[in-house]
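Peer 1: Residues in the sequence shown are numbered from 1476 upward in steps of one, following our numbering. The beta carbon of each residue, even a glycine, is placed where N, CA and C say it ideally should be. Structure below; questions to follow.
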Amino acid sequence: MELKELTSAEQVVMKCIWDYGKDMPLQQLIENLKQDYGKDYKRTTIRTFVLHLEEKGYVTTYQIGKYSYINYLIEEQDYKEQELEKTKNFWYKESGFDLVKTLYKGKLNEGKLKKLKKLLKEIDD
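Next up, the structure:
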């Protein structure tokens, strides 16, 4: 299933929701965005982001009394896999090897390099 594209602001909002888990109070989202990401958005702006995420199928919301809660519908891992696949296809001409090489160039010791080579061999087989 192809997930709909997220803006960079929507990605930050989703990251906060995924980090919190299910049944996230809207007020907690507001606080986490400010504390964790330095995003001091107004409540109405965050509600708009959440509405767009709901329209795109990423979250669902519900109210109990005057409090709003958010649940994610798309797993974080599914989103990360799709985004990484798109990056690989666009920037690395579908070469997973070149993507990994870029990520770890100059950052691997001999032990980690052996593990990575073994993993790549397993994937290739």
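Measuring alpha carbon to alpha carbon, tell me which of Asp-1494, Thr-1562, Asp-1553, Ile-1521 ends up nearest Ser-1543.
Peer 2: Taking the sequence shown and counting its residues from 1, one reaches residue 1543 at position 68. Considering only alpha carbons, the answer is Ile-1521.
Peer 1: Do three or more CB pairs link the region 1518 to 1534 to the region 1564 to 1581 at distances below 8 Å?
Peer 2: Output reads no: the region 1564 to 1581 does not touch the region 1518 to 1534.
Peer 1: Can you give the beta carbon distance from Leu-1501 to Ile-1545, rounded, assuming they're within the 8 Å contact cut?
Peer 2: Here the question's residue 1501 lines up with position 26 in the sequence shown. Here the question's residue 1545 lines up with position 70 in the sequence shown. Correct: roughly 7 Å between the Cβ atoms.
Peer 1: When you compare each of Tyr-1495, Glu-1556, Gly-1581, Met-1489 to Glu-1529 by their alpha carbons, which one comes out closest?
Peer 2: Mapped onto the sequence shown, residue 1529 falls at position 54. Taking only the C-alpha atoms, the option nearest Glu-1529 is Met-1489.
Peer 1: Give a yes or no on whether the C-beta atoms belonging to Tyr-1547 and Ile-1492 are separated by under 8 Å.
Peer 2: If you number the sequence shown from 1, residue 1547 lands on position 72. If you number the sequence shown from 1, residue 1492 lands on position 17. It is a contact, given that the beta carbons lie within the stated cut-off.
Peer 1: With DSSP collapsed to three states, give me the class of Tyr-1547.
Peer 2: Residue 1547 sits at position 72 when you count from the first residue of the sequence shown. Strand at Tyr-1547.
Peer 1: Helix or strand or just coil, what does DSSP make of Thr-1577?
Peer 2: Your numbering for residue 1577 matches position 102 in the sequence shown. Correct three-state label for Thr-1577: helix.
Peer 1: Output yes or no for whether 8 Å exceeds the beta carbon distance between Leu-1591 and Leu-1583.
Peer 2: Taking the sequence shown and counting its residues from 1, one reaches residue 1591 at position 116. Taking the sequence shown and counting its residues from 1, one reaches residue 1583 at position 108. Yes, they are a contact pair.
Peer 1: Over the uninterrupted alpha helix (DSSP H) stretch that includes Tyr-1516, give me the two end residues.
Peer 2: If you number the sequence shown from 1, residue 1516 lands on position 41. Tyr-1516 -> no alpha helix (DSSP H), and no H or E assigned at all.
Peer 1: Whole angstroms is fine: what's the gap from Asp-1515's alpha carbon to Val-1534's?
Peer 2: Counting from one through the sequence shown, the residue named residue 1515 turns up at place 40. Counting from one through the sequence shown, the residue named residue 1534 turns up at place 59. Straight-line Cα distance between these residues: approximately 21 Å.
Peer 1: When DSSP builds the beta bridges, which residues end up paired with Thr-1536?
Peer 2: What you label residue 1536 is simply residue 61 of the sequence shown in a count that begins at 1. Note: Thr-1536 sits in a beta bridge opposite Ile-1545.
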